[in-house]
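Engineer: Residue numbers (the numbering used here): 56 to 213. Just so it is clear, CB atoms sit at the ideal spot from N, CA and C, and this is done for glycine as well. Right, I'll just put the structure down here and ask away after.
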């Protein structure tokens, strides 16, 4: 079941405009910074060989990024705290898709806290202004409230 928790300072912080970003089925996430990957990564079953690629911040020109087709990491402005009885799902806003780009994201586990990152893939050149609303997070209620929330490497991302 999709639900909207009250968007209080405990659930979502550092948003641009609460009224504008609150949607019927979720909450709009906006762009804080855009990065590109400098090299490749390594993944394995138990993370003993895991290597997350280095990334470089892209510079803005006139408060915007001009992106060529390719993949980019996007850090959101908003700090999200996923309720212990929900998972967060992030999907692209339709305007982003109509401009030839999309956002990919992993599941946001119950108890995750932080300023998440999405993978934006552009299939055409696109200009993204600072604070553009590009994705929407929605919360899906779990069958029961978890006692132990997310405690992985990305907890408290900034």
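Please classify residue 194 as buried or exposed, where buried requires at least 16 other C-beta atoms within 10 Å of its C-beta.
Structural biologist: By the neighbour-count rule (16 or more Cβ atoms within 10 Å), residue 194 is buried.
Engineer: Using beta-carbon positions only, say whether residue 162 and residue 175 come within less than 8 Å of one another.
Structural biologist: Their beta carbons are not under 8 Å apart, which means residue 162 does not touch residue 175 by this criterion.
Engineer: Return no unless some Cβ of chain B is closer than 8 Å to the Cβ of residue 165.
Structural biologist: Within the model displayed, chain B is absent; a lone protein chain is all it includes.
Engineer: For residue 181 and residue 143, I'd like the C-alpha separation in whole angstroms.
Structural biologist: The straight-line gap from Cα to Cα measures roughly 27 Å.
Engineer: Going by C-alpha to C-alpha distance, which of 123, 92, 116 and 126 sits closest to residue 110?
Structural biologist: Residue 110 has its Cα closest to that of 92, out of 123, 92, 116 and 126.
Engineer: Quick one: give me the first and last residue of the alpha helix (DSSP H) that residue 77 is part of.
Structural biologist: Where residue 77 is concerned, there is no enclosing alpha helix (DSSP H), given that its DSSP letter is neither H nor E.
Engineer: Smallest Cα separation from residue 179: which of 90, 124, 168 and 136?
Structural biologist: Out of 90, 124, 168 and 136, 124 has the C-alpha closest to the C-alpha of residue 179.
Engineer: Less than 7 Å between the CB of residue 81 and some heavy atom of the ligand GDP, yes or no?
Structural biologist: As far as ligands go, the structure on display features none, and thus does not contain the ligand GDP.
Engineer: Could you tell me which residues DSSP pairs with residue 182 in its beta bridges?
Structural biologist: Looking at the DSSP assignment, residue 182 forms a beta bridge with 121.
Engineer: Does the contact criterion of 3 or more C-beta pairs under 8 Å hold for the stretch 114-133 versus the stretch 78-90?
Structural biologist: At 8 Å Cβ cutoff, the stretches touch.
Engineer: Quick one: grab the DSSP three-state call for residue 130.
Structural biologist: Three-state DSSP puts residue 130 in a strand.
Engineer: Name, in chain order, the residues that DSSP records as bridge partners for residue 91.
Structural biologist: 111.
Engineer: On the DSSP bridge list, what partners appear for residue 159?
Structural biologist: Answer is 174.
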